[in-house]
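Visitor: Encoded as structure tokens, here's the structure I'll be asking about.
2 protein chains.
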Amino acid sequence: MMELVPVIIGVIALAFVQFLYYSVSREDAGTEQMREIASYIQEGANAYMKRQYTTIAYFILALAVVIGVTRGSLSALSFLIGSGLSLTAAFIGMNAATRANVRTAAAAMKSPGKALRIAFWGGAVMGVAIVGLSVLGIGGLYAAFKTILGGAEEAALEAIVPFGLGASLAALFAQLGGGIYTKAADIGADLVGKVEVGIPEDDPRNPAVIADQVGDNVGDCAGRGADLFESFSDNIIGMMILGLAFMTKYGEAGVLFPLLAESLGVLSTIVAILLIREETDNPVKTINVALLTAGVLNAVAFYFLADRMLGDPALFESAILGLAASLFVGLIVQYYTGTGYRPVRDIADASRFGPALNVITGLSVGLESAFLPLIVISVVVAAAYFLAGLYGIAAATVGILSTTGIIMASDTFGPISDNAAGIAEMSGLSDEIRSSLDVLDAVGNTTKAITKGYAMACAVLSAFVLFAAYLQSISSGGSAVAIDIGDPYILVGLILGGTLAFLFSAMAIRAVGRTASEMVAEVRRQFREIPGLLEGKAKPDYAKAVDISTRHALREMIPPTLITLAAPILVGAAFGVKPLGAFIVGGTIVGGLLAVYMINAGGALDNAKKLIESGLHGGKGSDAHKAAVVGDTVGDPLKDTAGPSLHIFVKLITIVALTFAPLFL
Amino acid sequence: MMELVPVIIGVIALAFVQFLYYSVSREDAGTEQMREIASYIQEGANAYMKRQYTTIAYFILALAVVIGVTRGSLSALSFLIGSGLSLTAAFIGMNAATRANVRTAAAAMKSPGKALRIAFWGGAVMGVAIVGLSVLGIGGLYAAFKTILGGAEEAALEAIVPFGLGASLAALFAQLGGGIYTKAADIGADLVGKVEVGIPEDDPRNPAVIADQVGDNVGDCAGRGADLFESFSDNIIGMMILGLAFMTKYGEAGVLFPLLAESLGVLSTIVAILLIREETDNPVKTINVALLTAGVLNAVAFYFLADRMLGDPALFESAILGLAASLFVGLIVQYYTGTGYRPVRDIADASRFGPALNVITGLSVGLESAFLPLIVISVVVAAAYFLAGLYGIAAATVGILSTTGIIMASDTFGPISDNAAGIAEMSGLSDEIRSSLDVLDAVGNTTKAITKGYAMACAVLSAFVLFAAYLQSISSGGSAVAIDIGDPYILVGLILGGTLAFLFSAMAIRAVGRTASEMVAEVRRQFREIPGLLEGKAKPDYAKAVDISTRHALREMIPPTLITLAAPILVGAAFGVKPLGAFIVGGTIVGGLLAVYMINAGGALDNAKKLIESGLHGGKGSDAHKAAVVGDTVGDPLKDTAGPSLHIFVKLITIVALTFAPLFL
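In the order they appear, the protein sequences are chains R and P.
Using the working numbering, read the first sequence as starting at 15 and increasing by one per residue.
Using the working numbering, read the second sequence as starting at 15 and increasing by one per residue.
What follows is the structure in structure tokens.
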């Protein structure tokens, strides 16, 4: 009967998603002009997603055939369901965001508290859809496969592994495509509009402004959503497999624990979201209370599950350790990228000496910022292992991931507020309304820092849990396999994994560089060739900019994804399962380090620019500001394309290995 | 008797160094003005080196005491000799370079062939001093310790390990200090002089110009020299230790092979250097013939040693594999950083869209360039292991390192020609002379690309050989130790090593950023406050700029070095020898990848600027050129400070572990 709990909670979550979606949609969408602009964004985003999903579908179908042939039809089915649910969750969430943005702007005209609720609930559609569909999908498949296969847990889980592969593959496409789209548009809009022509951000005269707004939705919203759907799902699957080895100790409860813990986490998320109401005069506090509530409820759920169901309180301690670690990593990220601390101030100071020293300082901040988070993760891994063995490490990860729903809600809240501010600017709303939206935007920046640290910790720890599952799947008849780094072939595996992470990042960054160059050329052309554009007498050709981002994103998302998919298979075929294990570890460690470096370098450079815009070193228009804009642009593809894509990269290589390992045994 | 061969060859090498030094010093040093400028550079470089060595000496002496207490007095002695010889070789080489530069410029007034010979022979002082002092030191200590210890090879080698530690520690100080010095001066001179004020490179009105020239010597010359002295020495020591395990197969010849092979390599180097004569009309061809001669002679020596002395032709094949790999890596580096290929052209093209897209493209080229060299190294490791086991991997490394002398000579040739061109510019020599020096400078750029790939391959492979020696030293009574990455503590070790490489790079880059900011402020101040400076009526205060570089370099080289020294000891004490082994591997792989990324990103950005200066996209003074100057500056600390220092970092963590491992067993 326990197997049905996730399914029931999943259905409740979907009903709640529907409730949130309609309660946001019911709100007033503002003036005629606001509706028009919002419709451009919504149509642009939907049109892009449709084309992106069509492209992805071909690859999914082709791989489903391969999986069906090599692993059987149940595996192919779960692969299709995993990728389908990932894309569905991201689409529902993004669609809600494109409805919430304009309604947030409209609500800001009346009540800041209402604007907060709409933006947060709009983001919560994404948060709840992700965790709800994940527990529904995995829980449903597990219950169904167990029945079909006559109660065999191991065989059922083996057939579920491709669910994770589907989720990861879809996520990597979505994150890369969305990331290339949004950053090329952003860079094109900024470099020509803000720097060369000197018009404000989100100015309707800028030909790339709609592409930029669309990008926020298809990149930040849909991309991040797909990322966390797969972290969440992969982790549940990995730990369930790990649970098989602990069945002598915990019984089937060891297999069900992650699924049940995350399902209860969905309920806590729903409760926490309902705490966000309209009567507020302090948005930061309101959101913090919601986050805290979710955390405390999850802790209670863990205690109940660990102590009562599994009879092992050490697992509770490990899970709390995981929760604490995600908090620490969030604080570290905030230190390195927040405007109130030394690193960002150093970058702003260096901007006085030109763009080169701004970038140099930003890169060094990013590199340094990779140190402490990985130390925290190391401590958690070592301590959880000490407390409760391998299963303890997995429990720590479950602890982190249980807050995925509420974290994702506050993260999606960011682009919604950002979009709302953009719509307000483009529709010429009053300064008062815009400044009340700027408050929300600032809140969004704080929650974003936490989410980024969070996503990183999730990605690396999930990859390690998957790696543990991999080790278990290649061990022969219960005896563990040693992967000895004294063996040169193992060293080679580590090197290959590490070097692939570099190649992958290079391809992602290069794609943005190429697309942005074309965008800059096009925006320059429009300003030059369309008479009256700068004076506001003529309309720019928005569609042209949208087209550049779309074409490039769809084309350039493919090669890095295929390489990530093919490399583990090639390494496994050439060297066997042990060097493949080393390949995973090398890719995860190097990929994780590069991701923190890039995401924080970009975040710090971005905020150094904002710090100068707030009046430091001459403020907007000063030489220091111009230098900081260069740095911000350099950071763009690092923080929003390569960095987040690396999170998916580390899990995809691992789950590919897990899926195809039987072929190399 | 065999033990005396390295000692004899070492003495021959020193005599040859003396011959080269005096034959260069005897040459004409040009006009009064040239001598004056050269004396500034020479005095500045000597003054800095004196202060740097004094600072280093304190640390060396303190650590010698620790080593004496924990490992005995022979170990302390060999530590002192190792660090002393490293510093001596670097100093002799640099001193010769500061004499050769002005004489090269003077010779260029008469004969281009003569200028080539002086520059090359001046560089050869460094090349031969390094390899000569290394084989003399290690060979001498081995012979002496064996006698003292009554013929025990293992005990003798154990006492020699700290020789490598001394060499590595001195090298890291020298490379970091020199790297910070040179890049801060370079950036200060370029950003204000070239970009803001608009005067040419090496213009005597620039207050940072002398500091810049001094920097070329203390950074590029002395720093790289210390780097290769330690690669060369560490590798010999590592392979000799490895040879202990193969004594049943090869006898003591297995221990002596690396020492003898490298000693014969010294003789080949001397022969090749003597081929550089004055009658030449094609400098590239002349140098290529010398490199080829050294390579062929070394191959013959290997064949003789492997086949006749050890009776194992597979070792010859492995060594040839190593030689071939260093060539391949050089070609790959040339592809990614040469002006004739796609990557650098892409960066130059992106410069049309501003500095941000120039830097983005440059960073992606750097990241991508880490892929293929590491694939080549992986192939060599796997193939050599397949051919001749662990000893085969070491033999491949010996193959690469046997050309150290001649490679180092061609590398030091670069800064000498660069300095010669600078002195010619500052002394107002005719355009004709300057253009003949520019030819040499261009040759220097080609040889530099090869050297960089070479140094990288050496560093990573030497670190792996040391790691193999480490594994052997921690194995108990002949049975090998397995370091299983399935063990979470091992994973933690890998992560800690990787993340330390990021912290280390961050500190190195940040140090340059800070120093360069102060330099920019000072140069701006002098142009503003010294009346008549820009018109050439007043002299700048060179000493002030020299002082800024000196103070910062001496201070900022300490923290990264101490962290590198302390980290392996802390990891060993906290987790034991196996996680420490993983720590080394994590640090080596991540450090190696970061080094290639940084060195090639910087090299490619530098050459993109040069490509534009040659006339592309508007040439000097165009917007594209300004963008490319920003990118070049961003690349400076990456390619000349953090990148090369990482080469030493990877070996230092390993040799620290090797030295102190007995404490953690």
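Ideal placement from N, C-alpha and C gives every residue a C-beta, glycine not left out.
1) Along the alpha helix (DSSP H) that carries P:E167, what are the first and last residues, could you check?
2) Using a Cβ cut-off of 8 Å, which residues of the segment 385 to 398 of chain R contact any Cβ in chain P, in chain order?
3) Using beta-carbon positions only, say whether P:L179 and P:I572 come within less than 8 Å of one another.
4) Select from P:Y556, P:L306, P:L594 and P:V149 the residue whose C-alpha is nearest the C-alpha of P:I51.
5) Specify the secondary structure class of P:D498 as computed by DSSP and reduced to three states.
6) If we cut at 8 Å on Cβ distances, does P:T513 have a partner in chain R?
7) Using a Cβ-Cβ distance cut-off of 8 Å, determine whether R:I334 contacts chain P.
8) P:R359 versus chain C: which residues are under 8 Å apart at the beta carbon?
9) For P:P573 and chain R, any beta-carbon pair shorter than 8 Å?
10) Applying a beta-carbon distance threshold of less than 8 Å, which residues of chain R neighbour P:L381?
11) Taking 8 Å as the cut-off, decide whether the C-beta atoms of R:A188 and R:A236 are in contact.
12) Is the distance from the Cβ of P:A181 to the Cβ of P:S100 below 8 Å?
13) Taking the CB atoms as reference points, tell me whether R:A120 and R:A43 lie closer together than 8 Å.
14) Counting beta carbon pairs with one atom in the segment 651 to 665 of chain R and one in the segment 229 to 248 of chain R, are three or more of them shorter than 8 Å?
15) Please work out which residues of its chain come closer than 6 Å, Cβ to Cβ, to P:Y54, disregarding the five sequence neighbours upstream and downstream, and give them in chain order.
16) With burial defined as no fewer than 16 other Cβ atoms inside 10 Å of the residue's Cβ, what is the status of P:P593: buried or exposed?
17) At a CB-CB cut-off below 7 Å, which residues of chain P make contact with R:V373?
18) Pull up the CB-CB distance for P:A103 and P:A143, whole angstroms please, since I reckon it's below 8 Å.
19) Under the three-state reduction of DSSP, which class applies to R:D217: helix, strand or coil?
20) Compare the Cα-Cα distances from P:D637 to each of R:A122, R:L289, R:Y399 and R:E210 and report the closest residue.
21) Which of the three DSSP states is assigned to P:Y355 in this structure?
22) Under three-state DSSP, which class holds R:L443?
23) Can you have a look at P:P126 and say buried or exposed, based on whether 16 or more other CB atoms are within 10 angstroms of its CB?
24) Please identify the residue among P:F30, P:M16 and P:L576 whose C-alpha is closest to the C-alpha of P:G419.
25) Counting Cβ pairs closer than 8 Å, one from the segment 616 to 623 of chain R and one from the segment 373 to 383 of chain R, do we hit at least three?
26) Do the segment 324 to 338 of chain P and the segment 398 to 414 of chain P meet, that is, are 3 or more Cβ pairs less than 8 Å apart?
27) For the alpha helix (DSSP H) that R:A222 lies in, which residues bound it at each end?
28) Quick one: list the residues of chain R neighbouring P:V38, beta-carbon separation under 7 Å, in chain order.
29) I'd like the list of long-range same chain contacts for P:A525, defined as Cβ closer than 6 Å, with 5 residues on each side in sequence excluded.
30) How would you label R:F427, buried or exposed, when you count the other beta carbons within 10 angstroms and need 16 or more for buried?
31) Could you spell out the range, first to last residue, of the alpha helix (DSSP H) harbouring R:D650?
32) So, helix, strand or coil for P:D234, using DSSP?
33) Determine, for P:F342, whether the minimum Cβ-Cβ distance to residues of chain R falls below 8 Å.
34) Mind checking whether P:A434 and P:N109 have CB atoms under 8 Å apart?
35) One question on the structure: do R:Y202 and R:V453 come within less than 8 Å of each other, judged by their Cβ atoms?
Guide: For this structure:
1) Here the question's residue 167 of chain P lines up with position 153 in the second sequence. Per DSSP, the continuous alpha helix (DSSP H) segment holding P:E167 begins and ends at E167 to G202.
2) F385, L388, I389, I391, S392, V395 and A396
3) To locate residue 179 of chain P, count along the second sequence from 1; it is residue 165. To locate residue 572 of chain P, count along the second sequence from 1; it is residue 558. Their beta carbons are not under 8 Å apart, which means P:L179 does not touch P:I572 by this criterion.
4) Taking the first residue of the second sequence as 1, we reach residue 51 of chain P at position 37. Among P:Y556, P:L306, P:L594 and P:V149, the Cα nearest to that of P:I51 belongs to P:Y556.
5) Taking the first residue of the second sequence as 1, we reach residue 498 of chain P at position 484. In this structure, P:D498 counts as strand in the three-state DSSP scheme.
6) Here residue 513 of chain P refers to the residue found at position 499 of the second sequence. At least one chain R Cβ lies under 8 Å of P:T513.
7) As a first step, residue 334 of chain R must be located in the first sequence, where it is residue number 320. Closer than 8 Å: no.
8) Here chain C cannot be found, since the structure's protein chains are R and P.
9) Your numbering for residue 573 of chain P matches position 559 in the second sequence. With 8 Å as the cut-off, P:P573 does not count as an interface residue toward chain R.
10) For the purposes of this step, residue 381 of chain P is taken as residue 367 along the second sequence, with counting starting at 1. By Cβ distance, chain R contributes F516, L517, S519, A520 and I523.
11) In the first sequence, residue 188 of chain R corresponds to position 174, counting from 1. In the first sequence, residue 236 of chain R corresponds to position 222, counting from 1. Going by C-beta atoms, R:A188 is nearer than 8 Å to R:A236.
12) Numbered from 1 along the second sequence, position 167 holds the residue referred to as residue 181 of chain P. Numbered from 1 along the second sequence, position 86 holds the residue referred to as residue 100 of chain P. Their beta carbons are under 8 Å apart, which means P:A181 touches P:S100 by this criterion.
13) Position 106 of the first sequence, counted from the start, is the residue given in the question as residue 120 of chain R. Position 29 of the first sequence, counted from the start, is the residue given in the question as residue 43 of chain R. Contact flag set, yes.
14) yes
15) Start at 1 with the first residue of the second sequence, and residue 54 of chain P comes out as number 40. Result list for P:Y54: I224, in chain order.
16) Position 579 of the second sequence, counting from 1, holds the residue named residue 593 of chain P. Burial call: buried.
17) Here residue 373 of chain R corresponds to residue number 359 of the first sequence, with the count starting at 1. Within 7 Å Cβ-Cβ: V373 and V648.
18) Here residue 103 of chain P is taken as the residue at index 89 of the second sequence, counted from 1. Here residue 143 of chain P is taken as the residue at index 129 of the second sequence, counted from 1. That pair is a contact at about 4 Å.
19) Within the first sequence, residue 217 of chain R is the residue found at index 203, counting from 1. Of the three classes helix, strand and coil, the one that applies to R:D217 here is coil, per DSSP.
20) Position 623 of the second sequence, counted from the start, is the residue given in the question as residue 637 of chain P. Comparing Cα positions, the closest option is R:E210.
21) Here residue 355 of chain P refers to the residue found at position 341 of the second sequence. Of the three classes helix, strand and coil, the one that applies to P:Y355 here is coil, per DSSP.
22) For the purposes of this step, residue 443 of chain R is taken as residue 429 along the first sequence, with counting starting at 1. R:L443: coil per DSSP, three-state reduction.
23) The count along the second sequence starts at 1 and reaches residue 126 of chain P at position 112. Classification of P:P126: buried, given that the 10 Å Cβ count is 16 or more.
24) Against the second sequence, residue 419 of chain P aligns to sequence position 405. Residue P:F30 is the option with its Cα nearest to P:G419.
25) yes
26) Because the criterion of three Cβ pairs below 8 Å is met, the segment 324 to 338 of chain P and the segment 398 to 414 of chain P touch.
27) Mapped onto the first sequence, residue 222 of chain R falls at position 208. Per DSSP, R:A222 belongs to no alpha helix (DSSP H) and is neither H nor E.
28) Against the second sequence, residue 38 of chain P aligns to sequence position 24. Under the 7 Å cutoff, chain R gives no residues; its nearest Cβ is about 37 Å from P:V38.
29) Translated into the one-based positions of the second sequence, residue 525 of chain P becomes position 511. Same-chain partners within the cutoff: I194 and E570.
30) In the first sequence, residue 427 of chain R corresponds to position 413, counting from 1. The residue is buried, with at least 16 neighbouring Cβ atoms inside 10 Å.
31) By one-based count along the first sequence, residue 650 of chain R stands at place 636. Looking at the DSSP string, the run of the alpha helix (DSSP H) that includes R:D650 is D637 to P651.
32) Here residue 234 of chain P corresponds to residue number 220 of the second sequence, with the count starting at 1. Three-state DSSP puts P:D234 in a helix.
33) One-based indexing of the second sequence puts residue 342 of chain P at position 328. No, P:F342 does not count as interfacial toward chain R.
34) Working through the second sequence from its first residue, we reach residue 434 of chain P at position 420. Working through the second sequence from its first residue, we reach residue 109 of chain P at position 95. Not closer than 8 Å, so no.
35) As a working note, residue 202 of chain R is residue 188 in the first sequence. As a working note, residue 453 of chain R is residue 439 in the first sequence. Just to set this straight, residue 202 of chain R is Gly in the shown sequence, not Tyr. Judged by beta-carbon spacing, R:V453 lies beyond the 8 Å limit of R:G202, meaning their Cβ atoms are not closer than that value.
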